[in-house]
Amino acid sequence: MRMSSSETVLAGLESELGWLQEIYTRLHRHPELSFEEHETSKIVEEKLTAFGYSVTRIGGTGVVGVLANGVGPAVLARADMDALPVTEATGLSYASAVNGIMHACGHDLHVSALLGAAKLMADGRGAWSGTYITLFQPAEEVGAGSQAMIDDGLVTKVPRPDVAFAQHVMPIPAGTVATTIGPVLSAGDSLKITVYGKGAHGSMPHMSVDPVVLAASIVLRLQSIVSRETKPGDFAVVTVGALNAGATSNIIPDRATLLLNIRTYDAGIRAGVLAAVERIVKGECSAAGSPREPEFEYYDQFPLTSNDAAVTERVRTAFTARFGAEAVRTAERQTASEDFSRIPDAFDVPYTFWLLGGADPDAYRAAASKGTVARDIPANHSPSFAPVIDPTLSMGVQAHVVAALSYLSREG
Ligand SMILES: [Zn+2]
Ligand SMILES: [Zn+2]
């Protein structure tokens, strides 16, 4: 019987897992913050060069490796590289050796898995035809790394792909992948609002415009955006994560600041929510007799991640052929956000983003039977987040290879 392209390319997987695990534990032990992925990108460059890729630095610590292998489509696969300002509490033998920094979102696993796929695709180049582009992105956690690569000329420095892929390790059972068509991650907007009052002695409120009362009233009124202005069933989150004003009991301050986080799955709903926030803040300022216009400063903005139907269907079919139907789940929409989609959007090409299971399957099953998954399985950004290496790493490599070959296979 003839082997399929992915069987041929993945035949060498077992013998690669040793060094891949070493890379993974090394990256985990030495996490680097956003835009400071200097050692990580050096490792990536060395490996890609050794595998025969032509390697380009883009956006500071960003690295792209291109393997041109004859006529055919071009596929781009992306991994993010940065860690978080979190103090690790996993107790793992390969826990972070850097105080206060941890790979708490699994980007070390994304890097290792894509390096594994890059090696297998290079070794197995006889089984496929086209161009394989591996992209290692800085600073996903601050929503700025993909944009930094685009601003540094990504679309002119790299061949235009026909399709783009990314994956993210999540607290779903290891050994599974999950995909869905349409929105899979929300758009995220952070917003700093400054409102102005008039300061006075705490004993003379009549001399003031009190920004504390103003800000409190804004917080309450903002809650009506989701409950009263958003259609039931439509998704939006409006969170006031910080509210700061004043410093002592007997002084009425002259300003208050609010930090908001907003999540949506739809451009129209997003525009409506942002407009409502500004309208309410301006209205409350006017009601309070605020002496100055409020200020709005947007930051940490993440685009919507919405999977293309045809690409997702094609990749899902390939996953099912490789992993079996049991291991390929339908992804629940996540309220988290990602900046990956800016890359395919910059090239104007379709993409799919899948979730990679990282939770110990036994622990997951036990928690699921008690209905305590959300409490018992440490999620991304938790100091206890700890994907099981086996089979997560192997699945991550396979998923990238299988997805790529669903476009690049010689069998078509
Ligand atoms: Zn994260
Ligand atoms: Zn992440």
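All residue numbers for the sequence shown refer to full-length UniProt numbering, where the first residue is 1 and numbers rise by one.
Yeah, the Cβ is synthetic: ideal placement off N, Cα and C, and Gly gets one too.
Values in this document were obtained by computation on a predicted structure and should not be read as measured data.
Since Val64 contacts Tyr407 with CB under 8 Å, what's their CB separation in whole angstroms? So it is not a contact: roughly 18 Å between Cβ atoms.
Taking the alpha-carbon positions, what's the Ser394 to Asn244 distance? If I take the Cα positions, the gap works out to 47 Å.
If we count the other Cβ atoms within 10 Å of its Cβ and call it buried at 16 or more, is Ser93 buried or exposed? exposed
Roughly how many angstroms lie between the CA atoms of Ile377 and Val209, to the nearest whole one? 48 Å
CA-to-CA distance, Asn250 to Glu338, given in whole angstroms: 44 Å
Given a cut-off of 8 Å, decide if His381 and Phe165 are closer than it, judged by their beta-carbon atoms. no
Nearest to Arg329 (by Cα), restricted to the options Phe319, Gly241, Leu135: Checked all of Phe319, Gly241, Leu135; the closest Cα to Arg329 is Phe319.
Under 7 Å: does the beta carbon of Asp80 sit that close to some heavy atom of ligand 2? Relative to ligand 2, the nearest heavy atom lies less than 7 Å away from the CB of Asp80.
Could you pull out every residue in the same chain whose Cβ sits closer than 8 Å to the Cβ of Ala118, ignoring the five residues on either side in sequence? Lys47, Leu48, Phe51, Tyr53, Gly65, Leu67, Tyr132, Thr134
Alpha-carbon spacing of Ser146 relative to Ala366, whole angstroms: 38 Å
Quick one, which of Asp80, Gly124, Ala104 has its alpha-carbon nearest Val410's? Residue 410 is actually Arg in this sequence, not Val. For the residues Asp80, Gly124, Ala104, the minimum Cα distance to Arg410 belongs to Gly124.
Should Leu27 and Ser112 be called a contact, given that it needs their Cβ atoms to be closer than 8 Å? yes
Whole angstroms is fine: what's the gap from Thr176's alpha carbon to Arg255's? Thr176 and Arg255: Cα-Cα distance of roughly 50 Å.
Per DSSP, cross-strand counterpart(s) of Ala256: Val195, Ala245
Using 8 Å as the cut-off, can you tell me whether the region 175 to 190 makes contact with the region 283 to 294, which would need three or more C-beta pairs spanning the two stretches below that distance? no
Counting only the same chain and skipping the five closest in sequence on each side, list residues whose C-beta sits under 8 Å from that of Gly143. Gly188, Asp300, Gln301, Phe302, Ser337, Asp339
Just reading off the beta strand (DSSP E) that Ala287 is part of, what are its end residues? Looking at the DSSP string, Ala287 is not in any beta strand (DSSP E); the run it does join, the alpha helix (DSSP H), is 267 to 288.
How would you label residue 431, buried or exposed, when you count the other beta carbons within 10 angstroms and need 16 or more for buried? The structure shown does not extend to residue 431, since the chain is modelled only from 1 through 412, so no value can be given for it.
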